[in-house]
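Please read the structure below before turning to the comments.
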Amino acid sequence: KNMKNEGLTSITITNPIYLKKIKNEIPDINITVSVISEIASVQRAKYFEELGADAFVPDRDINRNLELLKDIKNSTKMNMILMVNEGCLYRCPQRNSHYNFISHWSKKEKDRHLDFMTNYCVNLRGEHPEELLKMQFILPQHLKHYRCITSSFKIVGRTRSTDDILEITKAYLKENYTGNLLNLMSSATLIVREKYGYNLSVNRLDSVFFKKVTTCNKNCTKCKFCTSLTNQLLSS
């Protein structure tokens, strides 16, 4: 309440218990449900809406399931905010452990070392660079396909410099980008870029790519589309 009196107008929440408590005590504050809450269904979205949430960032692993996104959006009055450039693995097995680890990390930046989860992420993409195309990013030029769902998009930049964030923001505002995919991304993709020297030009990630990745059933053991395209990009 003191922070509200100082001008606080909105907060982002993961824990539903805190959400309900805060909304009861400060009804006019705008509450956004974090991507960490993994809203990936109509049911989960409705739970948070009934607790008092005003907006939510859905699980980024459903970014390419446009029909599911539409269903969730049309089933709630909450504003949907899509995260466009997170660089995490698709269905990462370390995700929740990593979130928990980071939330307890109190060392100074200069004293930090790569943790197990980050090393796992970096090394896996060194061995399997096709995982980079499976990340659930939304390219600037593909924002137009999401306009019928939402007009709110979130750029991730906690691991990027201010200059980087400004350049990434410009690309999304222009809805056009032609450089290295990894320069847009956040998280461990920067380490991957520096360690392996990957350069994946988004010029090849056109309408054919978008249609394929938004309609496939994600059974990568049978489909080699991302593997084949990655090999072409790295050899060009």
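So our numbering is basically just the index in the sequence shown, starting at one, shifted up by 391. Just so you know, even glycine gets a beta-carbon here, dropped at the ideal spot from N, CA and C. Since we're looking at a predicted model, the values are computed, not measured.
Proximal residues to residue i (C-beta, below 6 Å), its chain only, five neighbours per side dropped
{"i": "GLN485", "result": "MET508, TYR511"}
{"i": "SER401", "result": "ASN421"}
{"i": "PHE601", "result": "HIS533"}
{"i": "MET576", "result": "ASN476, GLY478"}
{"i": "ASN428", "result": "Inspection of the sequence shows that residue 428 is occupied by Ser rather than by Asn. Contacts found: THR405."}
{"i": "SER466", "result": "VAL433"}
Straight-line Cα distance separating residue j from residue i
{"i": "VAL426", "j": "ASP452", "result": "10 Å"}
{"i": "PHE447", "j": "THR423", "result": "5 Å"}
{"i": "HIS489", "j": "CYS611", "result": "24 Å"}
{"i": "VAL513", "j": "GLU440", "result": "36 Å"}
{"i": "ILE582", "j": "TYR589", "result": "10 Å"}
{"i": "LEU614", "j": "VAL547", "result": "Note on identity: in this sequence residue 614 is Cys, with Leu being the wrong assignment. Those two C-alpha atoms are separated by around 29 Å."}
{"i": "LYS461", "j": "HIS536", "result": "12 Å"}
{"i": "GLY517", "j": "ALA562", "result": "27 Å"}
{"i": "GLU416", "j": "TYR409", "result": "11 Å"}
{"i": "ASN571", "j": "THR405", "result": "32 Å"}
{"i": "LEU457", "j": "PHE616", "result": "20 Å"}
{"i": "SER598", "j": "LEU459", "result": "20 Å"}
{"i": "PRO520", "j": "GLN623", "result": "12 Å"}
{"i": "TYR438", "j": "SER627", "result": "48 Å"}
{"i": "ASP555", "j": "ASP450", "result": "24 Å"}
{"i": "LEU591", "j": "PRO407", "result": "39 Å"}
{"i": "THR618", "j": "LEU625", "result": "11 Å"}
{"i": "PRO418", "j": "ASN393", "result": "14 Å"}
{"i": "TRP496", "j": "LYS414", "result": "29 Å"}
Spatial neighbours of residue i in its chain, beta-carbon cut-off 7 Å, leaving aside the 5 residues before and after
{"i": "THR569", "result": "VAL593, ASN594"}
{"i": "PRO531", "result": "ALA562, TYR563, LYS565, GLU566, ASN567, TYR568"}
{"i": "THR550", "result": "SER577, SER578, LEU581"}
{"i": "TYR642", "result": "Outside the shown range of the chain, which is 392 to 627, sits residue 642, and nothing can be said about it."}
Residues bridged to residue i [DSSP beta-bridge criterion]
{"i": "THR423", "result": "THR403, ALA446"}
{"i": "ILE472", "result": "SER543"}
{"i": "ASN571", "result": "SER592"}
Integer-rounded CB distance, given that residue j should sit under 8 Å from residue i
{"i": "THR605", "j": "ARG482", "result": "Contact flag wrong, Cβ pair sits at about 16 Å."}
{"i": "LEU523", "j": "THR621", "result": "7 Å"}
{"i": "ILE463", "j": "ALA436", "result": "5 Å"}
{"i": "MET471", "j": "THR560", "result": "The Cβ separation is near 20 Å, so there is no contact."}
{"i": "ASP506", "j": "PHE528", "result": "About 23 Å separates the two Cβ atoms, so there is no contact after all."}
{"i": "LEU573", "j": "ARG584", "result": "4 Å"}
{"i": "MET526", "j": "LEU480", "result": "7 Å"}
{"i": "LYS411", "j": "LEU442", "result": "5 Å"}
{"i": "GLY473", "j": "LYS545", "result": "Residue identity differs from the one stated: residue 473 is Leu in this sequence, not Gly. The pair is a contact, with the Cβ atoms about 7 Å apart (cut-off 8 Å)."}
Neighbourhood of residue i by C-beta, 8 Å cutoff - its chain only, sequence neighbours within 5 removed
{"i": "LEU399", "result": "ILE420"}
{"i": "CYS539", "result": "LYS461"}
*Continuous beta strand (DSSP E) assignments of at least 3 residues falling wholly in the region 492-568*: Counting only runs of 3+ residues, the beta strand (DSSP E) found wholly inside the region 492-568 occupies 543-545, in chain order.
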